[in-house]
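Residue numbers (the UniProt record's numbering): 1 to 152.
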């Protein structure tokens, strides 16, 4: 049985581990081995999670954190689900929870961005009612970002 709740400071290490595992398993196809290895080994992944902790909710299943989402106002910063339980409805439940939270905050339009090569994420969001607004090349890093949105 799953439970979604606000993240606590005591969750930080578990969320960081989940993020590293997910990035390692799912991001190589579009960030490349060098990019993924640097992001994890440099500690940037852990810093990013820590920076967003106050805006996170976690999804627990069998008393373990299996997913998390950081969002602020109408913007979803990141949503990750443990690679070993992806495609089992947990991500959709987490996304729906966050959409409801944003709606409760008075937002009627939600936004997020991802990388163009992250087809699994793009298809997930499209399946859950989101639409692609535009694509832009990040001049600093050379990646193409895909911007998506959804109306409440």
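Each residue gets a CB set at the ideal place from its N, CA and C atoms; glycine is no exception. Nothing here was measured: the structure is a model prediction, and the numbers come from that model.
If we ignore side chains and look at the alpha-carbon of each, how far apart do residue 18 and residue 65 end up?
Their Cα atoms are separated by approximately 8 Å.
Please list the segments of the beta strand (DSSP E) lying wholly inside the UniProt domain "N-acetyltransferase" (2-152), counting only runs of 3 or more residues, in order along the chain.
Taking only runs of at least 3 residues, the beta strand (DSSP E) segments lying wholly in the UniProt domain "N-acetyltransferase" (2-152) are 2-6, 56-61, 64-72, 75-81, 109-115, 131-137, 144-151.
Using only the alpha-carbon positions, how far apart do residue 132 and residue 33 sit?
One alpha carbon belongs to residue 132, the other to residue 33, and they sit about 27 Å apart.
Inter-stretch contact at 8 Å, needing at least 3 Cβ pairs: the region 42-56 / the region 109-124
They do not touch, by the three-pair rule.
Straight-line Cα distance separating residue 114 from residue 121:
Between residue 121 and residue 114, the C-alpha separation is close to 8 Å.
Note down, in chain order, each residue of its chain lying with its Cβ closer than 7 Å to the Cβ of residue 92, except the 5 sequence neighbours on either side.
128.
Beta-carbon spacing of residue 81, residue 90 below 8 Å:
With a cutoff of 8 Å on beta-carbon distance, residue 81 and residue 90 are scored as near each other.
Just tell me which of 130, 126, 119, 73 has its CA closest to the CA of residue 103.
Per the C-alpha coordinates, the member of 130, 126, 119, 73 positioned closest to residue 103 is 73.
Would you mind working out which of 151, 152, 118 sits nearest residue 145, comparing C-alpha positions?
For residue 145, the nearest C-alpha among the options comes from 118.
Is any non-hydrogen atom of the ligand FAD found closer than 7 Å to the C-beta of residue 90, if you look at the structure I gave you?
Because no ligand of any kind appears in the structure shown, any question about the ligand FAD cannot be addressed here.
Can you tell me the Cα-Cα spacing of residue 141 and residue 39, whole angstroms?
Between residue 141 and residue 39, the C-alpha separation is close to 13 Å.
With a threshold of 8 Å on Cβ separation, who are the neighbours of residue 45 within its own chain once the five nearest residues in sequence on each side are excluded?
Scanning its chain for C-beta atoms nearer than 8 Å, with the 5 sequence neighbours on each side dropped, one finds around residue 45 the residues 16, 19, 20, 23, 39, in chain order.
Top-ranked residue by Cα proximity to residue 135, from 88, 124, 61, 147:
Ranking the options by Cα distance to residue 135, first place goes to 147.
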